[in-house]
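Residue numbers (my numbering): 17 to 161.
Below you'll find the structure, written out as structure tokens, and then a few comments.
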């Protein structure tokens with residue numbers, strides 16, 4: 017339905033976890049690995065850099081590795097950077113796994129679709145390697161890597 021796509025946006029299921037290298041390091045040190053966090057990712061063509069909710073990064077116990085200046089509708093502001101791994105459409109034939117050197121940590125608290133939280137933004141850093149089709153009249157979208 018076209019109206020639903022306008023209201024909700026292009027969202028996909030996502031699982032966020034520690035990046036592969038950090039998981040391997042913690043395993044070799046016999047340290048526990050925090051459970052991945054599942055929710056929704058919004059495809060955001062206005063975002064230069066992909067981002068994850070700050071609460072998710074805290075739950076994953078990933079240390080900040082720097083900052084980045086983000087341009088938002090409210091103006092420019094600094095955001096922390098974290099390493100992360102996104103698994104988009106987990107458990108499906110179209111599953112996409114992305115180990116990021118860094119994602120921006122942002123506040124997505126309270127953003128939900130159908131009771132499920134939006135925990136990530138997929139930005140142009142990912143879309144640069146994809147074909148993304150937003151078919152407004154049909155109320156559909158597709159992403160191919």
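Ideal placement from N, C-alpha and C gives every residue a C-beta, glycine not left out.
No experiment lies behind these values; they were computed from the predicted model shown.
Euclidean distance between Cα positions of residue 139 and residue 48: 30 Å
Which term fits residue 66, buried or exposed, when burial requires 16 or more other beta carbons within 10 angstroms of its beta carbon? buried
Take residue 57 as the anchor and find which of 73, 91, 28, 46 has the nearest alpha-carbon. 28
Using only the alpha-carbon positions, how far apart do residue 143 and residue 21 sit? 19 Å
On the three-state DSSP scale, how would you describe residue 27? strand
Is any heavy atom of the ligand ADP found at a distance shorter than 6 Å from the C-beta of residue 39? In the structure on display, the ligand ADP does not appear, and there are no ligands present to speak of.
Pick out the complete alpha helix (DSSP H) segments inside the stretch 18-67, 4 residues or longer, and give them in chain order. 18-24, 36-44
Can the beta-carbon of residue 35 be found less than 7 Å from the beta-carbon of residue 77? no
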